[in-house]
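Note that the protein sequences, when read in sequence, are chains H and Y. Residue numbering for the first sequence follows UniProt numbering, starting at 1 and increasing by one per position. Residue numbering for the second sequence follows UniProt numbering, starting at 1 and increasing by one per position. Beta carbons: idealized from backbone N, C-alpha and C, even for Gly. The block underneath contains the structure these notes are about, expressed in structure tokens.
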Amino acid sequence: MTTTGTPAAPPRPGGGAAPPEERPTAQERRRARRSRRYQRDVRWSPYAFVAPFFLFFGAFGLFPLLYTGWASLHRVSLTAPTEMEWAGLHNFTRLLEDEFFWNALRNTFTIGVLSTVPQLLMALGLAHVLNYRLRGSTFFRVVMLAPYATSVAAATLVFVMLYGRDYGMINWALGFVGIDAVDWQNGTWTSQFAVSTIVIWRWTGYNTLIYLAAMQAVPRDLYESAALDGASRWQQFLHVTVPSLRPTILFTVVVSTIGATQLFGEVLLFSSGGGAAGGINHQYQTLGLYLYEQGWVNLHLGRASAIAWMMFLILLLIALVNLLVARRLRKSQ
Amino acid sequence: MTLLKDAPARPAPAGDRPRAGRRPRAKGAGGQFHAGRLAYALIALVTVVSLFPLVWTAVAASRDNTRLAESPPPFWFGSNLPRNLDIAWHDANLGLALLNTAFVAGSIALGTVLFGTIAGFAFARLRFRFRTALLMLTIGTMMVPPQLSVVPLFMAIAELEWTNQLQAVILPTFVSAFGVFFMRQYLTQALPGELVEAARVDGAHSLRIVWHVVFPVARPAMAVLGMLTFVMAWNDFFWPIIALTQQNPTVQVALTGLGRGYIPDQSVIMAGALLGTLPLLLVLAVFGKQIVGGIMQGAVKG
């Protein structure tokens, strides 16, 4: 970096920012040089340290983000992705008139709710249980991460089999309680429920660990004074644990919401044959899948960009709502 | 995995409770109650639910297609595993896919950890102009979904003729805002400013400080970040299926191919899923404790 200056460089008396001394000895000159080098180092090395990150980040994160906005105003085909034809807001108006866009938006929302709400509630309860003194607690924590370490593709492929209409294990088990074989893939609610369970299976353990960490940071004496006041375990959970966890809960809600908005792999692979349509009636086509279908099946990259920006706007909206809710909560406290 | 229970004591993850000393049951609460039977039952249930799909993947992978099309479904292992693994390995290109994925995930983990650490160090302990603004920019974009950059990235790799080449999936995620943020949080707390100053007084320039002071202090967090990144990169789905094809796939791309019925044999599909998941389960079995600690640490500070 800037610090690899040459130690053998010819001395330049009085040059640069050296202190103005009359007859610098060799030692003083060396010290001056060192101090110059030191200052250059202190001044510029921070930039050198953040530069690699921002270089990659700019090239592969920031620039594409903005360029997507530009591309959304053009007609671009996948077959010739470099030829762009100005289209103004056409992609957006088309999108708003497209019933499949609204369908995808609706599905993203319902699957998002179906997967996020039970997931976080279960994680909260589980974390509470894991917060007891347990034997083998490390083992349980690791086991709960096994679904997290399983990829979307592998998990979905297994669940598709488990949810199979004719030979799937879930329908077989339901048969014992007198429920007829459910056609998980072709029903609207059944398919959305099934997809949600994949998400829940993969992410509950991860969120449990996050809640558990936050619970362990809650000061003990809060519980002790609550216990002295005669609060039951359930009351302690409700009135001590949950309020202390509020920032963490908000954090997980935001992260899960973002994840739900992008839901893609589960729904792509849920149909046998892996179509981008999201079922014969598009019953579980999410926005992520719709984007993929428009861009990489129907070859309209401009339209895909417009969908991406709509997703971004929705996320901004959610972030805004979250911010307002958080502020409201803080005020009411 | 059971070995982890009595693994030698390591620096405890944030807030790990002391084990010694039974406290009287009636006193205190939260983290002090011993778990009752109900709690153990619940945890046992969760363990079964967490592991069942994985175990059943292996069961289905050891059967054949006809058996999987019968009711009731199989519950115990058959004898077909070697054959199915062999077909998945060769026909679905899984051998190549595993190699590719190991290379891709390894590179990404390396890049994220290395650049995340030095940038995190700069944000945590060095002064420079725009520090706060740049940090805010980094954090702000952590939440931007990958879908937003897919179209331009696709145009770029088409232009560069990188389709189907591994750098197309490595470079876009080679660094991560999360990595920078994670290391910054860790170093803010673990690396005393005086240590950096002392090294400076001794005449060490910044690169030396990074090598001899920052890296040793940051090592535990670097390991955790590396593992988390490796898992994420291994399982990355959206961009790889756009940038790569079945000729030069990552594991997830190859599995997608299986799922789309290029090989319509369910037991082979399950064998593929098993092969693609096993490496990460091994990582989890060996480093589980550290990964758990890392997620929990990140949670408290994030």
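Let me make sure I understand the geometry here. Which of the options has the alpha-carbon closest to that of residue i?
i, options, result
"H/Gln-236", "H/Ile-280, H/Phe-251, H/Pro-219", "H/Pro-219"
"H/Thr-116", "H/Leu-329, H/Val-253, H/Tyr-284, H/Gly-275", "H/Val-253"
"residue 306 of chain Y", "Y/Ile-291, Y/Asp-86, Y/Thr-256, Y/Ala-122", "This structure cannot settle anything about residue 306 of chain Y, because the visible part of chain Y is limited to 1 through 302."
"H/Ser-332", "H/Pro-243, H/Phe-140, H/Asn-298", "H/Pro-243"
"Y/Glu-194", "Y/Ile-295, Y/Arg-125, Y/Lys-289", "Y/Arg-125"
"Y/Ala-198", "Y/Ile-242, Y/Gln-185, Y/His-212, Y/Asp-236", "Y/His-212"
"Y/Asn-57", "Y/Pro-240, Y/Phe-287, Y/Asn-93, Y/Gly-272", "The sequence given here places Thr at residue 57 of chain Y; Asn does not occur at that position. Ranking Y/Pro-240, Y/Phe-287, Y/Asn-93, Y/Gly-272 by Cα distance to Y/Thr-57 puts Y/Gly-272 first."
"H/Arg-30", "Y/Gly-203, Y/Thr-277, Y/Gly-95, Y/Leu-166", "Y/Gly-203"
"residue 303 of chain Y", "Y/Pro-74, Y/Ile-118, Y/Ala-168", "This structure leaves residue 303 of chain Y out entirely; chain Y is present only between 1 and 302."
"Y/Pro-72", "H/Met-161, H/Phe-264, H/Phe-60", "H/Met-161"
"H/Thr-248", "H/Leu-120, H/Gly-259, H/Leu-157", "H/Leu-120"
"H/Tyr-284", "H/Arg-43, H/Thr-93, H/Ile-111", "H/Ile-111"
"Y/Gly-36", "H/Ala-48, H/Phe-100, H/Arg-233, H/Ala-32", "H/Arg-233"
"Y/Phe-215", "Y/Leu-135, Y/Gly-288, Y/Met-183, Y/Leu-278", "Y/Met-183"
"H/Arg-330", "H/Gly-295, H/Ile-200, H/Leu-126, H/Leu-245", "H/Leu-245"
"H/Val-142", "Y/Val-46, Y/Val-268, Y/Val-196, Y/Gly-276", "Y/Val-46"
"Y/Phe-287", "H/Ala-146, H/Pro-81, H/Asn-131", "H/Ala-146"
"Y/Phe-123", "H/Gly-259, H/Trp-70, H/Glu-266, H/Ala-51", "H/Ala-51"
"H/Phe-270", "H/Trp-172, H/Val-152, H/Leu-96, H/Ala-213", "H/Val-152"
"Y/Gln-165", "Y/Gln-247, Y/Val-251, Y/Phe-75, Y/Ala-39", "Y/Gln-247"
"H/Ala-48", "Y/Leu-244, Y/Arg-129, Y/Thr-277", "Y/Arg-129"
Looking only at its chain, what residues have a beta carbon closer than 6 angstroms to the beta carbon of residue i, apart from the 5 residues adjacent to it on each side?
i, result
"Y/Ser-62", "Phe-77, Gly-78, Asn-80, Leu-81"
"Y/Thr-173", "Ile-108"
"H/Ile-179", "none"
"H/Arg-326", "With the sequence shown as reference, residue 326 of chain H is identified as Ala, and Arg is not the correct amino acid for it. Answer for H/Ala-326: Leu-250, listed in chain order."
"Y/Leu-284", "none"
"Y/Phe-230", "Ala-105, Ala-109"
"Y/Ser-168", "At residue 168 of chain Y the sequence reads Ala, which differs from the Ser that was named. Cβ neighbours of Y/Ala-168 beyond the five flanking positions: Ile-157, Trp-162, Ala-243."
Counting along the chain, where does the alpha helix (DSSP H) carrying residue i start and finish?
i, result
"H/Glu-266", "265-270"
"H/Arg-106", "99-130"
"Y/Pro-152", "147-160"
"H/Pro-52", "26-57"
"Y/Phe-130", "That residue, Y/Phe-130, is in no alpha helix (DSSP H); it is neither H nor E in DSSP."
"Y/Gln-189", "177-190"
"residue 307 of chain Y", "As displayed, chain Y neither begins before 1 nor continues past 302, which places residue 307 of chain Y out of reach and without an answer."
"H/Asn-322", "301-332"
"Y/Val-59", "37-61"
"Y/Phe-121", "94-125"
"residue 320 of chain Y", "Look at the range of chain Y in this structure, 1 to 302, and you will see that residue 320 of chain Y is not part of it."
The beta strand (DSSP E) spanning residue i covers which residue range?
i, result
"residue 349 of chain H", "Nothing about residue 349 of chain H can be reported from this structure: the residues present for chain H run from 1 to 333 only."
"H/His-282", "Segment: none, H/His-282 is in no beta strand (DSSP E) and carries neither H nor E."
"H/Ser-256", "First-last for H/Ser-256: 246-261, but that is the alpha helix (DSSP H), not the beta strand (DSSP E)."
"H/His-74", "74-77"
With a threshold of 8 angstroms on Cβ separation, who are the neighbours of residue i within its own chain once the five nearest residues in sequence on each side are excluded?
i, result
"H/Ala-148", "Looking at the sequence itself, residue 148 of chain H is Tyr, so the reference to Ala does not match. Arg-202, Trp-203, Gly-205, Tyr-206, listed in sequence order."
"H/Glu-83", "Val-76, Ser-77"
"Y/Phe-146", "Looking at the sequence shown, residue 146 of chain Y is not Phe but Pro. Excluding positions up to five away in sequence, the list reads Phe-238, Trp-239."
"H/His-239", "Ala-226, Ala-231"
"H/Met-311", "Thr-261, Gln-262, Leu-287, Gly-288, Leu-291"
"H/Asn-131", "Leu-212, Met-215, Gln-216"
"H/Gly-69", "Ser-305, Trp-309"
"Y/Thr-277", "Leu-54, Thr-57"
Give me, in chain order, the residues of the same chain whose beta-carbon lies closer than 7 angstroms to that of residue i; leave out the 5 immediate sequence neighbours on both sides.
i, result
"H/Trp-184", "Tyr-163, Arg-165, Thr-190, Ser-191, Ala-194"
"Y/Ala-223", "Gln-290"
"H/Pro-7", "In this prediction, H/Pro-7 has a pLDDT of 42, which is less than 50 and means its spatial position is unreliable; nothing more can be read from the coordinates."
"Y/Gly-111", "Phe-174, Val-175"
"H/His-74", "Met-84, Glu-85, Trp-86, Ala-87, Gly-302"
"H/Thr-150", "Arg-202"
"H/Glu-293", "Ala-276, Ala-277"
"Y/Gly-21", "At Y/Gly-21, the pLDDT of 42 sits below 50, so the modelled position is not reliable and the matter cannot be decided from this model."
Check distances from the C-beta atoms of the stretch 189-223 of chain Y to those of chain H and list, in chain order, the residues that come in under 8 angstroms. Those residues of the stretch 189-223 of chain Y that come within reach of chain H (Cβ to Cβ, closer than 8 angstroms) are Arg-200, Gly-203, His-205, Ser-206, Leu-207, Val-210.
Short of 7 angstroms Cβ to Cβ, which residues in the stretch 131-150 of chain H face chain Y? Against chain Y - using a Cβ distance shorter than 7 angstroms - the residues of the stretch 131-150 of chain H are Asn-131, Tyr-132, Arg-133, Leu-134, Gly-136, Thr-138, Phe-139, Phe-140, Arg-141, Val-142, Val-143, Met-144, Leu-145, Ala-146, Pro-147, Ala-149, Thr-150.
Contact set between the stretch 79-98 of chain Y and chain H, restricted to residues whose Cβ is under 7 angstroms from the partner: Taking a C-beta cut-off of 7 angstroms against chain H, none of the residues of the stretch 79-98 of chain Y qualify.
Run through the stretch 210-234 of chain H for me and flag every whole alpha helix (DSSP H) of 4 or more residues, listed as ranges in chain order. 220-228, all fully within the stretch 210-234 of chain H.
Can you pull out the residues from the stretch 140-167 of chain Y whose beta carbon lies closer than 9 angstroms to at least one beta carbon of chain H? Residues Thr-141, Met-143, Val-144, Pro-145, Pro-146, Gln-147, Leu-148, Ser-149, Val-150, Val-151, Pro-152, Leu-153, Phe-154, Met-155, Ala-156, Ala-158, Glu-159.
Can you give, in chain order, each stretch of the beta strand (DSSP E) that sits fully within the stretch 233-286 of chain Y and has at least 3 residues? Under the rule that a run must span 3 or more residues, no beta strand (DSSP E) segment is found entirely inside the stretch 233-286 of chain Y.
Residues, ordered as in the chain, of the stretch 43-61 of chain H that lie near chain Y by beta-carbon distance below 7 angstroms: Per Cβ criterion, the list reads Ser-45, Pro-46, Tyr-47, Phe-49, Val-50, Pro-52, Phe-53, Phe-56, Phe-57, Phe-60, Gly-61.
For the stretch 285-296 of chain Y, enumerate the residues whose C-beta is nearer than 7 angstroms to any C-beta of chain H, in chain order. For the stretch 285-296 of chain Y, residues whose beta-carbon sits nearer than 7 angstroms to a beta-carbon of chain H comprise Gly-288, Lys-289, Ile-291, Val-292, Ile-295, Met-296.
Which ranges would you report for the alpha helix (DSSP H) in the stretch 138-222 of chain H if only whole runs of at least 4 residues count? Whole alpha helix (DSSP H) segments, 4+ residues: 152-162, 169-176, 188-216.
Under 9 angstroms, CB to CB, which of the residues in the stretch 28-41 of chain H have a partner in chain Y? Residues Arg-34, Arg-37, Tyr-38, Asp-41.
Listed from N- to C-terminal order along the chain, which residues in the stretch 151-185 of chain H have their beta-carbon within a distance smaller than 8 angstroms of any beta-carbon of chain Y? Listed by position along the chain: Ser-151, Val-152, Ala-153, Ala-154, Ala-155, Thr-156, Leu-157, Val-158, Phe-159, Val-160, Met-161, Leu-162, Asp-166, Tyr-167, Gly-168, Met-169, Trp-172.
Please identify, using Cβ separations under 9 angstroms, the residues of the stretch 210-226 of chain H that lie next to chain Y, in order along the chain. Flagged, chain order: Ile-210, Tyr-211, Leu-212, Ala-213, Ala-214, Met-215, Gln-216, Ala-217, Val-218, Arg-220, Leu-222, Tyr-223, Glu-224, Ala-226.
According to a CB-to-CB cut-off of less than 7 angstroms, which residues of the stretch 66-89 of chain H neighbour chain Y? Cβ contacts with chain Y: Tyr-67, Thr-68, Ala-71, Pro-81, Thr-82.
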